[in-house]
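For the sequence shown, the working numbering begins at 1240 and goes up steadily by one. Where is the CB? At the ideal position from N, CA and C, for every residue including glycine. Accompanying notes for the structure given below.
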Amino acid sequence: MNIEQLHQYCLSKKGVSEDFPFDEDTLVFKVLGKMFALIGLKKWEYGEKAINLKCDPDYAEELRAEYSCIQPGYHMSKKHWNTVSYEKH
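Written out as structure tokens, the structure is:
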């Protein structure tokens, strides 16, 4: 998935808005003012393709156990956020 596909996918969800509340690099997607996804655009450009996604705490742990590309949220609450890295195949 490329950045434009990811962007369009997030925006296709009902009630989604996008914003840069922290800096000009961190793209944040929200539903009803609540964050659900963050993407560091500069890191993505430099090949560190990852997205932080909010998740149910129990399910977040299950996903981390099953997939090596899913880790506790980078610079986020490890309980509620996962970082999903996109690796080249």
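In this structure, does DSSP put W1320 in helix, strand or coil?
For this step, residue 1320 is matched to residue 81 along the sequence shown. Correct three-state label for W1320: strand.
On a CA-only basis, which of D1262, E1243, N1321 and S1251 is nearest E1301? Give me that one, please.
Residue numbering aside, residue 1301 sits at position 62 when the sequence shown is read from its first letter. Minimum Cα distance to E1301 is reached at N1321.
Quick one: what's got a C-beta closer than 8 Å to H1328's C-beta in the same chain, skipping five residues either side?
Stepping through the sequence shown from its first residue, residue 1328 is reached at position 89. Its pLDDT being 42, under 50, H1328 is placed unreliably by the model, and nothing is read from it.
CB-CB under 6 Å to M1315, same chain, minus the five flanking residues each way: which ones, in chain order?
For this step, residue 1315 is matched to residue 76 along the sequence shown. Here the set comprises N1291.
Do E1287 and C1308 have their CB atoms nearer than 9 Å?
Position 48 of the sequence shown, counting from 1, holds the residue named residue 1287. Position 69 of the sequence shown, counting from 1, holds the residue named residue 1308. With contacts defined by Cβ atoms closer than 9 Å, E1287 and C1308 do not form a contacting pair.
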